[in-house]
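First comes the structure, then the notes that go with it.
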Amino acid sequence: MKKIQYLLLSMISCLLLFSGCKDKPQQDSAGNDSEQSSLPYPEWVKNAVIYEVNVRQYSPEGTFKAFDQHLDRLKDLGVDILWFMPIHPIGEKNRKGTLGSYYAVKNYKEVNPEFGTAEDFRETVKKAHDMGFKVLIDWVANHTSPDNPWVTSHSEWYQKDSLGNIIVPYDWTDTAQLDYTNDSLREAMIDAMKYWIQEFDIDGFRCDMAGLVPVDFWEKAREELDAIKPVFMLAEDEEKNELADKAFDGNYGWEMHHIFADIYKGEKNATDIVSVIQKYDSIFPANSMKLNFITNHDENSWNGTIEEKFGAGEKAFALLSYTIPGMPLIYSGQEANVKKRIEFFEKDPISWEDTSLYSFYKELNRLKHTNEALFNPPYGGAFIPVENSLPQQVISFERKGNSESIYSIINLSNKEVSPTLKEMTEGEYTMLISSQSTDNVVAEQNKEVQVTLEPWGYRVMKSKK
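Okay, here's the thing in C-alpha cells:
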C-alpha cells in the first residue's frame, strides 16, 4: 500500500475567492443588495437524499404492493425521500406504445389500476412513513391526456388554435394543453393537489415541466398546500429563476448534468463545474437547492445509460453529485448497476441481482447524512474552490461548515494525474471516502505535496478541528 501525504491549500476568505458564497447578499443590476427569499421547506430536507421510484418497472408485477417489498432494502441503502413517478391513470386516446406515458394523466384524483388501488397506495405511504421515509408524487400540471374528463366537461380549460382544436404541446401527441388564464382551472388543479395531502398524507410534489405553468399559479398552490402541512416542492425546471422565490424549494441541475457528460466526452473540463456553481449562487436564493444527478427516467430512457454516458467515470461523477451543493438523486436501478435503457411505454422490469454498486451508494448516503458541511442549502457549507496545478483535469474544493470542513479532490480524466496543491493549511485530516486504500492525511506547514490520483480517482477528507 502506498502512503500518500496530501497538501491542502489554505482557504482564502469566501468573499474574495468565491463571489457566489451562500451568505453573500444577492445584488440587483445596479449593484445594490437585494433580499433573498427564505423558503419554508421542512427541516427533514436538510440532509436528505431523494430516490426516484418507477413503479411500473420496479418489479415484474409493477405494483405498489410489490414495491413495498423493497422498503427495507431502501432503508438500508440510506435514501430519505421516495419520489413516485406519476401514479395516475394513463390516457388511452393517442396512447404511445402499449402502456402509454405516465405523463398523460387521465384523472388527477385516481390511481393507475396498473399499479393497484388507492388503498394500496395509501398503505404504501403509511409503511414508508412508519419507516421514516417521506413521500413525493409527480405532478403534471401543464397538460392532460386528450381523454381526461375535463376535455368534455370543461373544454374552456384548454388552449385552442384558430379552428377551435385543443392544442397539443410539442410532439406530445398523447396530451392536451391546459390554459392557465382560466381561474376555475387553477382552483381545480390546486384542489386535486390538496386531495393527495389530505387523503394520502404525502409530503410534497415533484412538478413536471414546472416552467411551462405560470409562476403565480405555483405560488398560490404552495401557499394553500403549506396551510395543510409543510411540504417540499421540486421543480423540473432550470430556466425560470423566479420559481425559486416563493413556490419551489429546489429545481433541476440540468446544466450541471450536461457538463458532467461533456467532461466525460472530453468537450468540457473541471473548471466548467466551478463556473456553473458560481453562476447558480449568483442567481438563486440562498435556500434554493439544485437536484444533482447522473441519471433519471428521461436521461436513462432517451439519452443513454450511465455506462453509455459516464463509463468508468460513474463513481467520480456520482461522488460529485453528493459533494457539490444540492440534493443528490438516485434513480430506480442505479444502485443495481442497470446497464439498459429502460423502456418508457412498455413493460421492462429492472433486475436487482447486481449488487456491485450497492455499498458505494450506501456509503455516499452515509457521507451526506453525517457531515454537516455536505448538508443541503442553507444548512451545508459554502463551496470554496481550492487551486491545483491541473485545474482542467482535477476539481478540488472545500465545503466549509460551522464545525467542520470537507475537502474533495476528484480526477475527471481517464489518465493518472499528479496535481500539486500549494499554500498548505496545517492540520490532520481523516479520509472519508477514497477510490483506493489510503491513510489519513497530515499536512505540514509551508510544504508542497504532489497528489497522485488514478484515472477517475477521488479522495474526500474531513479536517479535525
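So that you can map any letter, position 25 of the sequence shown is 24 in numbering that gives the first Met the number 0, and since no number is skipped, the others follow by simple counting. Idealized CB from N, CA, C, for every residue including glycine. Remember, predicted model here, so these are calculated numbers, not experimental data.
*Put Asn-299 into one of helix, strand or coil per three-state DSSP.*
Locating residue 299 in the sequence shown gives position 300, where the first residue counts as 1. Reduced to three states, the DSSP call for Asn-299 is helix.
*Per DSSP, Arg-205 is paired with what?*
Position 206 of the sequence shown, counted from the first residue, corresponds to residue 205. Paired residues: Asp-137, Leu-233.
*Tell me where the beta strand (DSSP E) around Val-52 begins and ends.*
Taking the first residue of the sequence shown as 1, we reach residue 52 at position 53. Secondary structure note for Val-52: its beta strand (DSSP E) is the uninterrupted segment 49 to 52.
_Other residues of its chain near Glu-109: CB distance less than 8 Å, five sequence neighbours each side excluded_ = Translated into the one-based positions of the sequence shown, residue 109 becomes position 110. Answer for Glu-109: His-87, Pro-88, Ala-117, listed in chain order.
*Please list, in chain order, all residues of the same chain as Leu-211 whose beta carbon is under 7 Å from its beta carbon, the five residues on each side excluded.*
To locate residue 211, count along the sequence shown from 1; it is residue 212. Taken in chain order, the residues that qualify are Asn-141.
*Exposed or buried, Asp-75, counting other C-beta atoms within 10 Å across all chains shown (16 or more means buried)?*
The residue given as residue 75 occupies position 76 in the sequence shown. Asp-75 comes out exposed.
*Relative to the alpha-carbon of Thr-270, which residue among Val-385, Tyr-101, Pro-284, Ser-434 has its alpha-carbon at the smallest distance?*
By one-based count along the sequence shown, residue 270 stands at place 271. The candidate whose alpha carbon is nearest that of Thr-270 is Val-385.
*Straight-line CA distance for Asp-244 to Glu-352?*
Along the sequence shown, one-based indexing puts residue 244 at 245. Along the sequence shown, one-based indexing puts residue 352 at 353. Roughly 43 Å between the two C-alpha positions.
*Could you check where the beta strand (DSSP E) with Val-393 kicks off and where it finishes?*
As a first step, residue 393 must be located in the sequence shown, where it is residue number 394. Run containing Val-393: 393 to 399, per the beta strand (DSSP E) assignment.
*So, is Ser-154 buried or exposed, given that buried needs 16 or more other C-beta atoms within 10 angstroms?*
Taking the sequence shown and counting its residues from 1, one reaches residue 154 at position 155. That one is exposed.
*Take Asn-299 and list the residues in its own chain whose beta-carbon comes closer than 7 Å to its own, dropping the five residues that flank it on each side.*
Counting from 1 along the sequence shown, the entry for residue 299 is found at position 300. Same-chain partners within the cutoff: Tyr-330, Arg-340, Ile-341.
*Let me know if Asp-248 comes out buried or exposed under the rule of 16 or more other beta-carbons within 10 Å of its beta-carbon.*
Position 249 of the sequence shown, counting from 1, holds the residue named residue 248. Asp-248 comes out buried.
*Residues near Lys-267 in its chain [Cβ-Cβ closer than 7 Å; skip 5 each side]*: Translated into the one-based positions of the sequence shown, residue 267 becomes position 268. Counting only Cβ-Cβ distances below 7 Å, and skipping sequence neighbours, we find Ile-258, Asp-261.
*How many whole angstroms separate the CB atoms of Ile-305 and Ile-323, which I take to be in contact at a CB cut-off of 8 Å?*
To locate residue 305, count along the sequence shown from 1; it is residue 306. To locate residue 323, count along the sequence shown from 1; it is residue 324. Contact between Ile-305 and Ile-323 is absent: CB atoms are separated by about 18 Å, not below the 8 Å threshold.
*Residue environment, Cys-13, which counts as buried when at least 16 other CB atoms sit within 10 Å*: As a position in the sequence shown, residue 13 is number 14, starting the count at 1. In this predicted model, Cys-13 has a pLDDT of only 32, less than 50, meaning its place in the structure is not dependable; the value taken from the coordinates is given anyway. It is buried - the Cβ of Cys-13 has at least 16 other Cβ atoms within 10 Å.
*For the alpha helix (DSSP H) containing Lys-289, list its first residue and its last residue.*
What you label residue 289 is simply residue 290 of the sequence shown in a count that begins at 1. First-last for Lys-289: 288 to 291, but that is the beta strand (DSSP E), not the alpha helix (DSSP H).
*Within the region 69 to 143, note down every full alpha helix (DSSP H) run reaching 4 residues or more, in order along the chain.*
70 to 76, 117 to 129
*asked:* For Ile-196 and Asp-202, what's the separation of their Cα atoms in angstroms?
replied: Within the sequence shown, residue 196 is the residue found at index 197, counting from 1. Within the sequence shown, residue 202 is the residue found at index 203, counting from 1. Near 7 Å, if we compare the C-alpha coordinates of Asp-202 and Ile-196.
*On the three-pair Cβ rule with 8 Å, is the region 398 to 410 touching the region 310 to 322?*
yes
*So Lys-193 is in the alpha helix (DSSP H); what residue range does that whole segment cover?*
On the sequence shown, residue 193 is found 194 positions in, with the first residue counted as 1. Its alpha helix (DSSP H) spans residues 182 to 199.
*Taking the alpha carbon of Pro-284 as the point to measure from, which residue in Val-275, Met-255, Leu-452, Glu-241 has its own alpha carbon closest?*
Counted from its first residue, the sequence shown places residue 284 at position 285. Among Val-275, Met-255, Leu-452, Glu-241, the Cα nearest to that of Pro-284 is on Glu-241.
*May I have the straight-line CA-CA distance separating Gln-435 from Tyr-428, to the nearest angstrom?*
Against the sequence shown, residue 435 aligns to sequence position 436. Against the sequence shown, residue 428 aligns to sequence position 429. So the two alpha carbons sit approximately 16 Å from each other.
*Residue range of the alpha helix (DSSP H) that Val-150 falls in?*
Counting from 1 along the sequence shown, the entry for residue 150 is found at position 151. Val-150 -> alpha helix (DSSP H) spans 149 to 152.
*By Cβ distance below 7 Å, which residues in the same chain neighbour Leu-70 in space, the five residues on each side in sequence not counted?*
Sequence index remark: in the sequence shown, residue 70 carries index 71 (1-based). Closer than 7 Å at Cβ, skipping near neighbours: Lys-126, Ala-127, Met-130.
_Residues of its chain near Arg-221, where Cβ-Cβ distance is below 8 Å and the 5 sequence neighbours each way are ignored_ = To locate residue 221, count along the sequence shown from 1; it is residue 222. Excluding sequence neighbours, Arg-221 sits near Val-230, Met-232, Lys-245, Ala-246, Phe-247.
*Should Pro-145 and Ala-175 be called a contact, given that it needs their Cβ atoms to be closer than 9 Å?*
Looking up residue 145 in the sequence shown gives position 146. Looking up residue 175 in the sequence shown gives position 176. A contact, by the Cβ cut-off of 9 Å.
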